[in-house]
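I have placed the structure first, in the form of structure tokens, so that the comments after it can refer back to it.
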Amino acid sequence: MEDQRKKIIVKEIEHWRKNHLLPEHYCIFLLNLYTEGERAQADSQVAAGQAVGGRSKNSSGNQPGAGWNNAVSWKMILFWLVGAAVIAGFILLAFHFNDFSFLMQITISSCITLFFYILAHVCRRFSPVFTHVALLLSFLLLIFGGVYFLKQIDAATGMLMIFLLAICLLFCLNGLIFRFLYLVYCGFIGLGLLYGYVTLERVSASYSWWLAELYWVPLALFMIGAGFLLNQRNPRIAGALCICGILFFFGAEVQSLYISQAKQDTIQLLLFIKIFMSSLFFFFTRQQWFTWLRL
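Numbering (our numbering), first residue to last: 2 to 296.
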């Protein structure tokens, strides 16, 4: 009678264990308690048999690396061969680039830049990582190649500034096309650096701290206001405008560091005041900032 009662209890515990009515370790403890350890030995023997069976199955057919061998296809081999050929071609062009004529150099650089840009569009659907890499290479080739060719023809500083302005606008445009927000930030920050370089000579000609502020504070307020106006239509672009506007709010102090007439004490005082004002502004508009910065 006692053995029959234990069998019923053990069967019930197994039912609990099978249907997850109790935690696994509770069920194992109760089974060991009512079977006096015999159940634990049986479970260990079953587990060992399953492990041996699994190893024999792997040794019979599913060996490690078999899936990798099956995954290698002609398309993958072709992809690696084409990639190696393209890299080898770029290395060859880099060593013999100066042997070509000036127009040929421009043509080659333009074709390679366009190739990486089209590749970024193609990889956009199936590989975001390659999209970022291809875009980075495209913009780097465009920037360094453009600056190199402009220096070769002894272009004026104004032409170089126009070229860099076009690059910054391309950053912003492609940030909207690809929906990569960091490109928009790069474009806005680049525009700010160009603006600071262009206005540096005018500010330093008759420097005063309020004149430097007049060049930067209205621009910063305009960008911040535009960001809040675009908050409902495009929150991401609105956030980029406001964040870059806050950075431009400190543009006068950064620019003053490169002007010999500027007093360091005045710059420090203005920085402390602006940091305090920015903190208050951030606190009272924190709901929008938490959304833009994803806090």
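Ideal Cβ placement from N, Cα and C applies to all residues, glycine included.
It should be emphasised that the depicted structure is a prediction, and the values quoted were computed from it without experimental measurement.
| Check | Outcome |
| --- | --- |
| Beta-carbon proximity check, residue 182 vs residue 234, cutoff 9 angstroms | no |
| Beta-carbon contacts of residue 91 that lie in its chain and below 8 angstroms, excluding the five residues immediately before and after | 113 |
| Buried/exposed call for residue 191, threshold 16 Cβ in 10 Å | buried |
| Coarse secondary structure for residue 207, derived from DSSP in three states | coil |
| Cβ-Cβ distance between residue 241 and residue 228 below 9 angstroms | yes |
| Distance CB(residue 221)-CB(residue 246) smaller than 9 angstroms | yes |
| Cβ neighbour criterion (16 or more within 10 Å) applied to residue 160 | exposed |
| Beta-carbon proximity list for residue 14, same chain, < 6 angstroms, skipping 5 on both sides | 28, 31 and 32 |
| Contact check, residue 120 vs residue 135, beta carbons under 9 angstroms | yes |
| Under the three-state DSSP convention, the category residue 264 falls into | coil |
| Buried or exposed by the 16-neighbour rule on C-beta atoms within 10 Å, applied to residue 256 | buried |
| Cβ shell of residue 35 (< 6 angstroms), same chain only, five flanking positions each side left out | 7, 10 and 11 |
| Any 3 or more C-beta pairs closer than 8 angstroms across the segment 155 to 173 and the segment 200 to 212 | no |
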